[in-house]
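Counting from 1, one number per residue, gives the positions in the sequence shown under my numbering. Report on the following structure.
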Amino acid sequence: MKYKNPLYLGAYHTKPKTGRPKMAQITKTVDLYRHTHKDTGGNHVSYDGATYAYEIGSERYDEGNMNIHHLFWGPLARTCETAIAMMTANQAFTHVKMHDPIHGLGSSELFATIITDHVRADIKGGLSNMEAVLVNIDRQVLVDFNIGARNALKQMFDLMDSGQHGVGIFHDPTIPMLAKCLGMTDAHSLDAMEAIRFRLYDDGSIDAVWIEE
1 MKYKNPLYLG
11 AYHTKPKTGR
21 PKMAQITKTV
31 DLYRHTHKDT
41 GGNHVSYDGA
51 TYAYEIGSER
61 YDEGNMNIHH
71 LFWGPLARTC
81 ETAIAMMTAN
91 QAFTHVKMHD
101 PIHGLGSSEL
111 FATIITDHVR
121 ADIKGGLSNM
131 EAVLVNIDRQ
141 VLVDFNIGAR
151 NALKQMFDLM
161 DSGQHGVGIF
171 HDPTIPMLAK
181 CLGMTDAHSL
191 DAMEAIRFRL
201 YDDGSIDAVW
211 IEE
């Protein structure tokens, strides 16, 4: 069956199977967060934003007796700043491995391509970031984004061992666009520190789900 959703155009020839064998097991998990609140300049996180990232990290991981094995971020400073705030004084990140920036889910060059004047106008008019981008994005640009975003996710999974859990800090709308590309029908724009969990199974399939509070 050919994809009808424009997110799939050119990226795949046929729709991947939605079902997995009943015995398929999750082998790797990575939670991808939108970065926290920015300062007035827009390039760095604010003090309140850093505090909020710390609180989310503590509530979700430190108080849940979970070990985070890998921490990822993108090339823009606010993603790294959010990651550092999130792991501060957090026992879940005691033995975490940090990595060089992951490209494909947000950069100055990417945003210059997908955040056009028409997109900005539609956001000002009330559309979410993701809605505005999908209404206006050039088809080939979308195809290129899908490929780059999937490669970014693959890179993160490749850096992880079986059974490990990672956390990544990136952007909206790139995280939900990746999730929608992978078949998450209810993917939508993220607020600050909202996240989608991506799970790799032992049959090679990947799904995306909202993180349960």
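A virtual CB, placed ideally from N, CA and C, is assigned to each residue, including glycine.
Next on the checklist: Quick check: what's the CA-CA separation for Phe93 versus Arg150?
Outcome noted: Here the question's residue 93 lines up with position 93 in the sequence shown. Here the question's residue 150 lines up with position 150 in the sequence shown. Cα to Cα, Phe93 sits roughly 25 Å from Arg150.
Checklist entry - Taking the Cβ atom as the reference point for each residue, do Ala195 and Arg78 lie within a distance shorter than 9 Å? => result Position 195 of the sequence shown holds residue 195. Position 78 of the sequence shown holds residue 78. No, Cβ-Cβ distance for Ala195 and Arg78 is not below 9 Å.
Next on the checklist: Here's the rule I'm using: 16 or more other beta-carbon atoms within 10 Å means buried, otherwise exposed. How should Thr82 be labelled?
Outcome noted: Counting from 1 along the sequence shown, the entry for residue 82 is found at position 82. That one is buried.
Checklist entry - Since Val133 and Val143 are thought to touch, with beta carbons under 8 Å apart, how far apart are those beta carbons, to the nearest angstrom? => result Stepping through the sequence shown from its first residue, residue 133 is reached at position 133. Stepping through the sequence shown from its first residue, residue 143 is reached at position 143. With a Cβ gap of about 14 Å, Val133 and Val143 do not count as contacting.
Checklist entry - What are the residues that DSSP puts in a beta bridge with Thr29? => result Along the sequence shown, one-based indexing puts residue 29 at 29. Answer is His165, Arg199.
Item to check | Start-to-end residues for the beta strand (DSSP E) that takes in Phe72 | outcome: Stepping through the sequence shown from its first residue, residue 72 is reached at position 72. Counting along the chain, the beta strand (DSSP E) containing Phe72 begins and ends at 70-73.
Checklist entry - What separation, rounded to the nearest whole angstrom, lies between the Cα atoms of Asp138 and Thr174? => result Here residue 138 refers to the residue found at position 138 of the sequence shown. Here residue 174 refers to the residue found at position 174 of the sequence shown. Going by the C-alpha atoms only, they are around 15 Å apart.
Next on the checklist: I'd like to know whether the C-beta atoms of Ser189 and Glu131 end up nearer to each other than 9 Å.
Outcome noted: Within the sequence shown, residue 189 is the residue found at index 189, counting from 1. Within the sequence shown, residue 131 is the residue found at index 131, counting from 1. Yes.
Checklist entry - Are the beta-carbon atoms of Gln140 and Gly104 separated by less than 9 Å? => result Counting from 1 along the sequence shown, the entry for residue 140 is found at position 140. Counting from 1 along the sequence shown, the entry for residue 104 is found at position 104. Result no, Cβ atoms of Gln140 and Gly104 do not sit closer than 9 Å.
Checklist entry - How would you call Pro176, buried or exposed, if buried means at least 16 neighbouring beta carbons within 10 angstroms? => result Here residue 176 refers to the residue found at position 176 of the sequence shown. By the 10 Å Cβ count, Pro176 comes out buried.
Checklist entry - If you follow the alpha helix (DSSP H) that Ala121 is part of, which residue opens it and which one closes it? => result Translated into the one-based positions of the sequence shown, residue 121 becomes position 121. 117-124 is the span of the alpha helix (DSSP H), which, as asked, contains Ala121.
Next on the checklist: Do His70 and Gly166 have their beta-carbon atoms positioned less than 9 Å apart in this structure?
Outcome noted: Counting from 1 along the sequence shown, the entry for residue 166 is found at position 166. Counting from 1 along the sequence shown, the entry for residue 70 is found at position 70. Yes, the pair counts as a contact, with Cβ atoms nearer than the cut-off.
Checklist entry - From Trp210 to Gly41, what distance separates their C-alpha atoms? => result What you label residue 210 is simply residue 210 of the sequence shown in a count that begins at 1. What you label residue 41 is simply residue 41 of the sequence shown in a count that begins at 1. Distance between the alpha carbons of Trp210 and Gly41 is about 30 Å.
Checklist entry - Quick one: what's got a C-beta closer than 6 Å to Gly204's C-beta in the same chain, skipping five residues either side? => result Here residue 204 corresponds to residue number 204 of the sequence shown, with the count starting at 1. So no residue of the chain qualifies.
Checklist entry - With a CB to CB cut of under 6 Å and the five nearest residues on each side skipped, what residues in its chain are close to Leu200? => result Within the sequence shown, residue 200 is the residue found at index 200, counting from 1. Around Leu200: Thr27, Lys28, Phe157, Ile206.
Item to check | Supposed contact pair His37 and Ala192 - C-beta distance, whole angstroms, cut 8 Å | outcome: Here residue 192 refers to the residue found at position 192 when the sequence shown is read from its first residue. Here residue 37 refers to the residue found at position 37 when the sequence shown is read from its first residue. Contact flag correct, Cβ pair sits at about 5 Å.
Checklist entry - When the Cα atoms are used, what is the spatial distance from Gln164 to Met184? => result In the sequence shown, the residue the question calls residue 164 occupies position 164. In the sequence shown, the residue the question calls residue 184 occupies position 184. Distance between the alpha carbons of Gln164 and Met184 is about 22 Å.
Checklist entry - Do the CB positions of Leu159 and Ala208 come within less than 9 Å of each other? => result On the sequence shown, position 159 is the one that residue 159 refers to. On the sequence shown, position 208 is the one that residue 208 refers to. Not a contact, by the Cβ cut-off of 9 Å.
Checklist entry - Does the beta-carbon of Tyr12 have 16 or more other beta-carbons within 10 angstroms, so that it is buried, or is it exposed? => result Mapped onto the sequence shown, residue 12 falls at position 12. With a pLDDT of 32 at Tyr12, under the threshold of 50, the modelled position of that residue is not reliable, and the figure given next carries that caveat. Exposed is the call here.
Item to check | Among Ser128, Ala112, Gly57, Asp100, nearest to Ala89 - alpha-carbon criterion | outcome: In the sequence shown, counting from the first residue as 1, residue 89 sits at position 89. Selected option, being the one with the closest Cα: Gly57.
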